[in-house]
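A.B. asks: I have a structure I would like to understand better, so I am pasting it below and will then ask my questions one at a time.
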Amino acid sequence: MLSLPLAALFTVSAASPLGAQTNLPVADAPFAGKIARNVRDAKPAWPEVVHAPKGAPNVLLILVDDVGFSTTSTFGGPVPTPAFDRLAASGLKYNRFHVNAICSPSRATLLSGRNNHQIGYGTISEHAQGYPGYNSIWPLSSQGIARVLQGNGYNTAAFGKWHNTPVWEINAGGPFNHWPTGEGFDYFYGFLAAFDSEYTPRLYRNTTPVEPPKTVKEGYHLTTDLANDAITWLHRHDAAAPDKPFFLYFATGATHTPHHVPKEWIAKFKGKFDQGWDKLREENFEREKKMGIIPQDAKLTPRPAGLAAWDSLSHDEKKLLAHQAEVYAAFTAQADYEIGRVIKAIQDEGKLDNTLIIEIFGDNGGSGEDGPTGYDVRQINGQLKGIAARVEQMDDLGGELYMNATAAPWAYAFSTPFPGTKADASHLGGTRDPMVISWPSHIHPDDKMRTQFGHLNDIAPTIFEAAGITPPTTVDGIKQTQWEGTSLVYTFDHPDAKSRHHIQYFETNGNKAIYKDGWWAGNLLRSSWDRIGTPGYEREKLLDDNTHPWELYNLDEDYSQAVNLADKYPQKLAEMKALFDSEAKRNQVYPLLPLRELISRPEDSRTKFVFRSGVDRLGATMNVHTGAGTGYTITAEVENKGHADGVILAQGGHYGGITLFVKNNRVHFEINSSSHPSGEMVATTDLPMGHSTIVVEVAPSPSPEVPAGTKRNGVSPFPGTGKLMVNGKQEATAKFINVPASGGYWSPAESLDIGSDLGSAVSTQYESPARFTGTIDTVTLELHEPANAGAKEKAARNDGHS
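Each residue of the sequence shown is one higher than the one before, starting from -3 at the first, in my numbering.
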C-alpha cells in the first residue's frame, strides 16, 4: 500500500521554476548571471535543466500482441507465464480492463491518452482513409505520454512493434514527426507495421533501416533481439544518468501472426492441446474460478454458431489444429520469458523498487482472423492446401517457411469466458484483456482482484499521477485536447472502491459498443471469420449496418456477458444506443467504415519510380503496386564488370514477390506466389560486358470467369504474361500462373531493394542478401495503370490481417 499520499510524495519545491510544466517545451529562461565588459565584473550562470519531480518512478509499459483473456497462467490460462506471475505476485491484477479490439487503435489510445478515433486511429494504419477519425495522422494537438514525460525530465525509449505511423510516411522521405522519435521517444528499435517476421524482420533504429544482428542460421529471433536491445539501452542509461528516471515502452510482435518460435519452445507443449478448444474453454473457465480471476457466479458463454465443434473434426484436422495451438502457446511463453529478462535487468540495476510496471497482456482479444482451420501452407493462388498436405508439413510451423496462425476457434477458447474475439468491439472477448500493475516501493499486494472498469485511456493519467506530473496545456505552442480516462491510482489502496470510469465507447470495423456504469450495449456487424461477400455479409448489407440486432448486458451482475437483456429492457437499450451516437459524434467515429477498404492515399497517383544503386528497404507502403493484376515495366541500366551475379531489383520475399537477378551471367526474372514459383524468364545469352539495358514487362491476363457459388475468400487468381529483353533483344517470355498481392501490396514483413534482396529471399535460386556484383545506374519501374484504380476490387481482396 502507499505509505504517503501521492501528492505528498511528489511535491515539487516552489523554488524550482521548472517543476510543473504546463507548456512544453520549457521556454529558455533569461540569463540569471551578470554581463560586464570586464570578466572580473561579470557573473556566470548556467541555464536550469528540467528535472523530473523528486522521487518520480521509472516507468516500464509492456504491451503484448493478440492475446486473449484466458491465455496466461496468471489469469487462469494453459500457458505458463512465470514472469507475468511474478509481476502479479508483487502487484495488482485487474480483471475488467479494456482495450480497443484491434491493434493500431489500442496502441493509439494507450500512448496518447485519448480515444482512438480522436487521433485518427479508428482503424489500423494500413487501412487509413480520408476521414478525421481514420486518417492515421496523430494530431499535434494530442501529444502523448512519451512527449509529456520527455518534457518533464525523463529519458524515453520504445522497443518492438510500432503501428501508429501513416504508411505513406514510412520511407526515407518522411516526414518523421509521426515516427516514434517524433512522438516523444528519444530512442526506438523495432518495426513499423501490423506484423513482421520473427526471423527476418524489417527493423529500424530511430529512423534508419537496419538489418538484424544475426541470421536465422545463427539463431536470430526478433523477441530476443528486442529484449537484448532494451537491456542494452537500460544499462547505457544507468551508466550515463543513473538518477534520471526512464520511460521504456516494450511492445512485442508476439503473439501476432506469424507464429514464429524456436522448436525447443514448441516441444514444451507437445500434446497439451489434444483435448481441443471446447474442452480447453471448460478447463480455462474452471481455473479462472478456482483462482478467483472471475466471479463464482460467472457463466460460460457458448461457442458461436460460425465455429466448429472440436468433435466434428477429422483425425487429421485435430492433429494439425492441436499443433497450431502448441506453436501459439510456445510463442506466448517465449514472449513472457523475454519480458522477464527486461524486468530482471531493471532489478539487477537496483531500480525495481521505484519502477512502475504496467503490463497489458494483449492489445485485443485472441485473433480469429485466420479462418476455421488457421493459416499456413498455401497453394500458388493463395488458397490453403488440403489438410493432408498441411499435416505433412506441420512440423515446419514456427519456422521461417510459413506465416502461420491458429484456427479461429482457438481464439475463442483463449478468450474464456467471454463471447467474441479480436476485432469484435461489441463483445468482451475482443475488448477485455489481463493487466497487472506493480510498483514495489509503493504498492503492496493484498491478493484482492481489482474489479474497477479500466480502459487503455486510463494509463496516461495513471502514469502522470504516479510521477507527480501535470499534463501540459500547450505543446510547441499548440493547445492540447483534453485527456480521456481516469487515473487508476485510486485502486492501489482501495480494492473495493467504486469505478471512476463511467462511460466508454468502442468501435472497430463497424462493430460497436457503449459502456455506462455497469451497463453494456453492443452491436456485432461481422465476426472476423465471417468473410465479406458471404451470405448475410454482402457488401451493401455491411454498408447498411444491418446484420445483427443490438444486445444489452448488465455487467455488474453478468461478468461474462452471457445474458442478453435487450428484449427485457428496451428503454434502457434505446438510452444506451443514443449515448453511443452521442459519443460517436464527439469522438469522430462517423462515418462507420465496415469494409476496411484500401482507397486512394495521398501519393496513390504516382505510377513511375526511379531508383539508383544502393537504395533498399523501401516499404510495401510506398504504393509500388506490382501485384493484384497490375501491369508494370522494369527498366534497369547496369554495368557488367565481368561474370555478373546477384539481385538487381527485388520486392517482397519468401512468402511472395518479384525478383530481377543475374545468375551465372544470365538475367532472370521470377514471380513468387505464396512461396511457389509462379513463372520465370531466363535470358538465352550471357549479359554482355559493359553497359546493358534490361527491360521486363509484365501484363495481367483478363480475369477468368468465376463459376457461380465458388468461394474466393478474398484471394483472386491473377494470371499474366511477361517479356524479358536485354539491349533491345527479346530473350524470354513467360506465362505466370498468378501475379498476387493483397490489395496491391506485398507483405509488410518485406521490402523493395535495389542491388540486393534483404529480408527473406524471393527466389530459392539465391540466398539473401545476394548483392549485385556489377554496377547499377538506375532502375525505373512504371505501373501500367493508376495505383488507385479499382477500389472495390481491392476491397474484395483485402480481408486479412490487422
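Every residue, glycine too, gets a C-beta built ideally from N, C-alpha and C.
1. Three-state secondary structure (DSSP) at Asp307?
2. For Phe576, count neighbouring Cβ atoms within 10 angstroms of its own Cβ and tell me buried if that reaches 16, exposed if not.
3. With burial defined as no fewer than 16 other Cβ atoms inside 10 Å of the residue's Cβ, what is the status of Ser601: buried or exposed?
4. Tell me which same chain residues have a C-beta within less than 6 angstroms of the C-beta of His252, skipping the five on either side of it?
5. What's the gap between the Cα of Leu588 and the Cα of Val643?
6. My understanding is that Gly652 touches Ser743, with C-beta atoms under 8 angstroms, so please give their C-beta distance in whole angstroms.
7. Which residue marks the beginning of the alpha helix (DSSP H) containing Asp225, and which one marks its end?
8. Rounded to a whole number of angstroms, what is the C-alpha to C-alpha distance between Gly627 and His621?
9. For the alpha helix (DSSP H) that Arg392 lies in, which residues bound it at each end?
10. Please check the pair Pro208 and Tyr216, which I expect to be a contact at CB under 8 angstroms, by giving their CB distance rounded to whole angstroms.
11. If we count the other Cβ atoms within 10 Å of its Cβ and call it buried at 16 or more, is Ala153 buried or exposed?
12. Smallest Cα separation from Asp806: which of Pro171, Pro197, Gly149 and Ser121?
13. In the DSSP assignment, find the alpha helix (DSSP H) that holds Ile262 and state where it starts and stops.
14. I need the straight-line Cα distance from Gln17 to Gly649, nearest angstrom please.
15. Along the chain, where does the alpha helix (DSSP H) containing Tyr486 start, and where does it finish?
16. Does the contact criterion of 3 or more C-beta pairs under 8 angstroms hold for the segment 354 to 374 versus the segment 421 to 438?
17. Hey, how far is the Cα of Leu591 from the Cα of Gly129?
18. Since Met677 is in the beta strand (DSSP E), which residue starts that stretch and which ends it?
19. When DSSP labels each residue in this structure, what does Gly710 get in the three-state scheme?
20. Grouping DSSP H, G and I as helix and E and B as strand, with all else coil, what is Asn550?
21. How many Å lie between Gly740 and Asn560 at the Cα?
22. Do you know offhand how far Arg708's Cα is from Gly378's?
23. Within its chain, find whatever has a CB closer than 6 angstroms to the CB of Ser448; leave out the 5 residues flanking it on each side and keep chain order.
24. Cβ of Gln761 within 9 angstroms of Cβ of Phe657?
25. Touch check for the segment 770 to 780 and the segment 631 to 647: three-plus C-beta pairs under 8 angstroms?
26. Which residues mark the beginning and the end of the beta strand (DSSP E) in which Tyr799 is found?
27. Would you report the Cα separation of Glu122 and Ala263, rounded to the nearest angstrom?
28. Pull up the CB-CB distance for Asn111 and Asn583, whole angstroms please, since I reckon it's below 8 angstroms.
29. Taking Glu666 as part of the beta strand (DSSP E), name the residues at either end of that continuous run.
30. Would a C-beta distance cut-off of 9 angstroms place Asn550 and Gly514 closer than the cut-off?
31. Rounded to a whole number of angstroms, what is the C-alpha to C-alpha distance between Ala704 and Asn734?
32. Decide if the segment 408 to 415 is in contact with the segment 270 to 279; the criterion is three or more beta carbon pairs, one per stretch, under 8 angstroms apart.
33. From the DSSP output, read off the bridge partner residues of Pro128.
34. Distance, Cα to Cα, Pro566 vs Lys295?
35. Near Leu316, what residues of its chain come up, given a Cβ to Cβ distance below 8 angstroms and the 5 sequence neighbours on each side ignored?
36. Taking the C-alpha atoms as reference points, what is the distance between Thr328 and His94?
C.D. replies: Judging by the given coordinates:
1. Collapsing the DSSP output to three states places Asp307 in a helix.
2. Under the 10 Å beta carbon count, Phe576 is surrounded by 16 or more other beta carbons and is classified as buried.
3. The residue is exposed, with fewer than 16 neighbouring Cβ atoms inside 10 Å.
4. Excluding sequence neighbours, His252 sits near Asp61, Asp62 and Phe191.
5. Rounded to the nearest whole angstrom, the CA to CA distance from Leu588 to Val643 is 44 angstroms.
6. That belief holds up - the Cβ atoms of Gly652 and Ser743 are roughly 7 angstroms apart, short of 8 angstroms.
7. In the DSSP assignment, Asp225 falls within the unbroken alpha helix (DSSP H) covering Leu218 to Ala236.
8. Whole-angstrom Cα-Cα distance: 9 angstroms.
9. It should be noted that the sequence gives Asp, not Arg, for residue 392. Where Asp392 is concerned, there is no enclosing alpha helix (DSSP H), given that its DSSP letter is neither H nor E.
10. Their Cβ separation, rounded to whole angstroms, is 5 angstroms, which keeps Pro208 and Tyr216 in contact under 8 angstroms.
11. Its Cβ being crowded by 16 or more others within 10 Å, Ala153 is buried.
12. No answer is possible for residue 806: the residues shown for the chain start at -3 and end at 798.
13. Residues Lys259 to Ala263.
14. About 48 angstroms.
15. It spans Tyr486 to Asp489 - the alpha helix (DSSP H) in which Tyr486 sits, taken as one unbroken run.
16. Enough Cβ pairs lie closer than 8 angstroms, so yes.
17. Each residue's alpha carbon lies about 15 angstroms from the other.
18. Counting along the chain, the beta strand (DSSP E) containing Met677 begins and ends at His672 to Val678.
19. At Gly710 the pLDDT is 39, less than 50, meaning the model places this residue with poor confidence; the figure from the coordinates comes in the next sentence. The answer is coil: DSSP assigns Gly710 none of H, G, I, E or B.
20. Strand, per DSSP.
21. Note that Gly740 scores 44 on pLDDT, short of 50, meaning its location in the model is unreliable; the coordinates nonetheless yield the value given after this. Roughly 42 angstroms separates the two Cα atoms.
22. Here the model assigns Arg708 a pLDDT of 35, short of 50, so the residue's position is not dependable, and the following value carries that caveat. Computed Cα separation, rounded: 10 angstroms.
23. Just to set this straight, residue 448 is Gln in the shown sequence, not Ser. Cβ within range, chain order: Thr487 and Ser495.
24. With contacts defined by Cβ atoms closer than 9 angstroms, Gln761 and Phe657 form a contacting pair.
25. Counting Cβ pairs under 8 angstroms, three or more are found: they touch.
26. No answer is possible for residue 799: the residues shown for the chain start at -3 and end at 798.
27. If I take the Cα positions, the gap works out to 35 angstroms.
28. Correct: roughly 5 angstroms between the Cβ atoms.
29. Arg662 to Ser669 is the span of the beta strand (DSSP E), which, as asked, contains Glu666.
30. Contact flag set, yes.
31. With a pLDDT of 39 at Ala704, under the threshold of 50, the modelled position of this residue cannot be trusted; read the value that follows with caution. Whole-angstrom Cα-Cα distance: 21 angstroms.
32. Contact between the segment 408 to 415 and the segment 270 to 279 is present, because at least three Cβ pairs lie under 8 angstroms.
33. Note: Pro128 sits in no beta bridge, so no partner.
34. In this structure, the straight-line span from the alpha carbon of Pro566 to that of Lys295 is close to 23 angstroms.
35. Here the set comprises Thr369, Gly370, Ile383, Arg386, Val387 and Met390.
36. Distance between the alpha carbons of Thr328 and His94: 20 angstroms.
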